[in-house]
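Below: the structure, in structure tokens.
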Amino acid sequence: MVGLLAACGGEEHPSPRPPTVTVSNPPERGGGALAQSARASWDWGAIPDDCVVELPNPPRVRRTVHVRQPQRRLEEAGTRYLIHTDIDGRLDVLASDVELIVDEGVRIEELLIHHDLERVRVAGGIFGAIEIMIPGRFAPPPVTWNEDWLVEDVTIDGVTVESDDTAFAIRGRRVAILNSRATARNYSIWLGDTHTFQSHDLLVAGNRFRSAGPESTVRLVAIDGAIVVDNELANTRKHAFRIHGRSDNVYFARNRLVDTGVMIGSMDGDQVGSVWLVDNTVHLTVPSLLVAPPERIRRLTARGNRVFSDEWDCFVCARGDGWEIGDNPIQSYRAP
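Heads up: the sequence shown begins at 45 in this note's numbering, then just goes up one per residue.
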């Protein structure tokens, strides 16, 4: 697998771990770009011109703290926390510019990044769940929603999540989940619960996710700008990848889907703009390959996808006006 994306830019103190990225000169606009002052050396491929996604900014770290006894709150801004001990229950991130580096084999039951924070990075470790807080306040009722509470600039790199519910519950602006592993009873990634707001600029790359089947593996609701590449997504029943709500500019490429397929814009009220399905491989054992109602998707580009299935003989069976459908060969089922 190619090198990994973490955050672009630098820190006031170097990370104690070897760097996982190579930062190059700023990319030229056009030909597709990750819009930021610098660019990581991940092989993103030919991202479409109008799918521009920003990289997360890194934490501004000023000091390092070793955590050798269980804690419940990380509330010192500008701090790199080196976690050396298991933490049962929930660990709350309550400050901006925080980096958690978790020792190999150390487990944190639940990590919650509170709303209205910026520049958080999580690297390594085993978790029961990781959540970025909903931009709402529920007590006292009624619920108060505030778009300014959306968390910004979060990088999750090289973690393992073993969840009896949802592995990653996320929402925000400029969020990256990279080089990670998850097994979940329900969602591996759930992005949503943002009222009338949209999350922006999501990057999901180099991961292996498996969900048991009551829910989809990755479900994105109300996202504007997402690049999902080089992942393996497995599920036993529900579609491995889904897009819903008011969503636009989603690039889904070079992924391997195991047992299930893709669903886009299938629910009442969905309004989906542009989606690219490019060079993915699907090993299909359940009856539903691609659900994509033309009346709810403005533009769909699908090309170079390879399907191994004994259930279907067409990848895009109903086409909308302005859709760009290339060659998407289907062969007899072959196990991944």
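Glycine included, every Cβ here is placed at the ideal spot set by N, Cα and C.
Nearest neighbour of V96, chosen from R343, N190, Y295, W193 [CA to CA]:
The sequence position of residue 96 within the sequence shown is 52, counting from 1. When only C-alpha atoms are compared, the closest one is Y295.
Bridge partners - I127, DSSP secondary structure assignment
Reading the sequence shown from its first residue, position 83 is the one you call residue 127. I127 pairs with V111, V146.
Does DSSP put D312 in a helix, a strand or coil?
Residue mapping note: residue 312 aligns to position 268 of the sequence shown, counting from 1. Coil, per DSSP.
C-beta atoms of D268 and H288 nearer than 7 angstroms
Counted from its first residue, the sequence shown places residue 268 at position 224. Counted from its first residue, the sequence shown places residue 288 at position 244. Their beta carbons are not under 7 angstroms apart, which means D268 does not touch H288 by this criterion.
Taking the straight line between their C-alpha atoms, what separation do you get for Y125 and L156?
On the sequence shown, position 81 is the one that residue 125 refers to. On the sequence shown, position 112 is the one that residue 156 refers to. The straight-line gap from Cα to Cα measures roughly 15 angstroms.
Using a Cβ-Cβ cut-off of 8 angstroms (strictly less than) and excluding sequence neighbours within five positions of D130, which residues of its own chain qualify?
Sequence index remark: in the sequence shown, residue 130 carries index 86 (1-based). Result list for D130: P114, V150, R151, I152, in chain order.
Starting from V195, follow its DSSP beta bridges and name the residues at the other end.
For the purposes of this step, residue 195 is identified with residue 151 of the sequence shown, where counting begins at 1. None, per the DSSP bridge assignment.
Unbroken beta strand (DSSP E) run spanning G269, endpoints
Locating residue 269 in the sequence shown gives position 225, counting from the first residue. Unbroken beta strand (DSSP E) run through G269: 267 to 273.
Considering only the alpha carbon of each residue, which of D192, V273, I174 lies closest to V166?
Along the sequence shown, one-based indexing puts residue 166 at 122. The shortest C-alpha separation from V166 is found at I174.
Please report the distance separating the alpha-carbon of P380 from that of H327.
The sequence position of residue 380 within the sequence shown is 336, counting from 1. The sequence position of residue 327 within the sequence shown is 283, counting from 1. Their Cα atoms are separated by approximately 6 angstroms.
Count the other C-beta atoms from every protein chain shown that fall within 10 angstroms of the C-beta of R254, then say buried if there are 16 or more, exposed otherwise.
Position 210 of the sequence shown, counted from the first residue, corresponds to residue 254. It is buried - the Cβ of R254 has at least 16 other Cβ atoms within 10 Å.
Give the secondary structure of R225 by DSSP, where H, G and I count as helix, E and B as strand, and everything else as coil.
Here residue 225 refers to the residue found at position 181 when the sequence shown is read from its first residue. R225: strand per DSSP, three-state reduction.
What did DSSP end up calling E98 once you bin it into helix, strand or coil?
For the purposes of this step, residue 98 is identified with residue 54 of the sequence shown, where counting begins at 1. Residue state, collapsed to three classes: coil.
With a cut-off of 8 angstroms, do at least 3 Cβ pairs link the segment 276 to 284 to the segment 248 to 265?
yes
From the DSSP output, in three-state form, read off R290 for me.
As a position in the sequence shown, residue 290 is number 246, starting the count at 1. It is a strand residue.
Between the alpha carbons of P154 and R134, how many angstroms are there, rounded?
For the purposes of this step, residue 154 is identified with residue 110 of the sequence shown, where counting begins at 1. For the purposes of this step, residue 134 is identified with residue 90 of the sequence shown, where counting begins at 1. In the sequence as presented, Pro is not what sits at residue 154; that position holds Glu. Going from the Cα of E154 to the Cα of R134 covers about 5 angstroms.
Which residues mark the beginning and the end of the beta strand (DSSP E) in which D245 is found?
Against the sequence shown, residue 245 aligns to sequence position 201. 243 to 249 is the span of the beta strand (DSSP E), which, as asked, contains D245.
For F182, count the other beta carbons within 10 Å of its own beta carbon; 16 or more makes it buried, fewer makes it exposed. Which is it?
For the purposes of this step, residue 182 is identified with residue 138 of the sequence shown, where counting begins at 1. That one is exposed.
Go to W234, then tell me how far its beta strand (DSSP E) extends in each direction, as first and last residue.
Taking the sequence shown and counting its residues from 1, the one referred to as residue 234 is at position 190. Counting along the chain, the beta strand (DSSP E) containing W234 begins and ends at 233 to 235.
Would V105 pass as a contact of E143 if the rule is Cβ separation under 7 angstroms?
Numbered from its first residue, the sequence shown carries residue 105 at position 61. Numbered from its first residue, the sequence shown carries residue 143 at position 99. Yes, the pair counts as a contact, with Cβ atoms nearer than the cut-off.
What's the call for G370, buried or exposed, on a 16-neighbour Cβ count within 10 Å?
Taking the first residue of the sequence shown as 1, we reach residue 370 at position 326. Flag for G370 reads exposed.
When burial is assigned at 16 or more other CB atoms within 10 Å of the CB, is Q375 buried or exposed?
Stepping through the sequence shown from its first residue, residue 375 is reached at position 331. Exposed, because fewer than 16 other Cβ atoms sit within 10 Å of the Cβ of Q375.
Sorted by chain position, which residues of the same chain lie with C-beta nearer than 8 angstroms to R123's C-beta, five sequence neighbours on each side aside?
Against the sequence shown, residue 123 aligns to sequence position 79. The sequence shown places Thr at residue 123, not Arg. If we look at T123 and ignore the five residues flanking it on each side, its Cβ neighbours are V105, R106, R107, T108, V109, A139, D141, V142, E143.
Based on the DSSP secondary-structure assignment, which residues constitute the bridge partners of L135?
As a working note, residue 135 is residue 91 in the sequence shown. In DSSP, L135 forms a bridge with L155.
Between G305 and A284, how many whole angstroms is the CB-CB distance? I'm expecting something under 8 angstroms.
Locating residue 305 in the sequence shown gives position 261, where the first residue counts as 1. Locating residue 284 in the sequence shown gives position 240, where the first residue counts as 1. Yes, G305 and A284 are in contact; Cβ-Cβ is about 7 angstroms, under 8 angstroms.
Can you give the Cα-Cα distance for I341 and G317, rounded to whole angstroms?
As a first step, residue 341 must be located in the sequence shown, where it is residue number 297. As a first step, residue 317 must be located in the sequence shown, where it is residue number 273. Each residue's alpha carbon lies about 6 angstroms from the other.
Assign G313 to buried or exposed, taking buried as 16 or more other Cβ atoms, counted over all protein chains shown, within 10 Å of its Cβ.
Taking the first residue of the sequence shown as 1, we reach residue 313 at position 269. Exposed, because fewer than 16 other Cβ atoms sit within 10 Å of the Cβ of G313.
Buried/exposed call for M311, threshold 16 Cβ in 10 Å:
Against the sequence shown, residue 311 aligns to sequence position 267. That one is exposed.
Inter-residue spacing [alpha-carbon to alpha-carbon] between G89 and P184:
Numbered from its first residue, the sequence shown carries residue 89 at position 45. Numbered from its first residue, the sequence shown carries residue 184 at position 140. Whole-angstrom Cα-Cα distance: 48 angstroms.
In whole angstroms, what is the alpha-carbon distance linking Q242 and I271?
As a position in the sequence shown, residue 242 is number 198, starting the count at 1. As a position in the sequence shown, residue 271 is number 227, starting the count at 1. Roughly 15 angstroms separates the two Cα atoms.
Hey, V248 and I233 are a contact pair by Cβ (cut 8 angstroms); roughly how many whole angstroms apart?
Taking the sequence shown and counting its residues from 1, the one referred to as residue 248 is at position 204. Taking the sequence shown and counting its residues from 1, the one referred to as residue 233 is at position 189. Going by Cβ atoms, the distance from V248 to I233 rounds to 7 angstroms, so yes, they are a contact pair.
What is the DSSP secondary structure of D371, reduced to helix, strand or coil?
Translated into the one-based positions of the sequence shown, residue 371 becomes position 327. In this structure, D371 counts as coil in the three-state DSSP scheme.
N- and C-terminal bounds of the beta strand (DSSP E) containing F359
By one-based count along the sequence shown, residue 359 stands at place 315. Segment: none, F359 is in no beta strand (DSSP E) and carries neither H nor E.
Quick check on the burial criterion: 16 or more other C-beta atoms within 10 angstroms. Buried or exposed for T188?
Taking the sequence shown and counting its residues from 1, the one referred to as residue 188 is at position 144. With fewer than 16 Cβ atoms within 10 Å of its Cβ, T188 is classed as exposed.
Which value, in whole angstroms, describes the spacing of the CA atoms of R263 and V360?
Numbered from 1 along the sequence shown, position 219 holds the residue referred to as residue 263. Numbered from 1 along the sequence shown, position 316 holds the residue referred to as residue 360. So the alpha carbons of these two residues sit roughly 20 angstroms apart.
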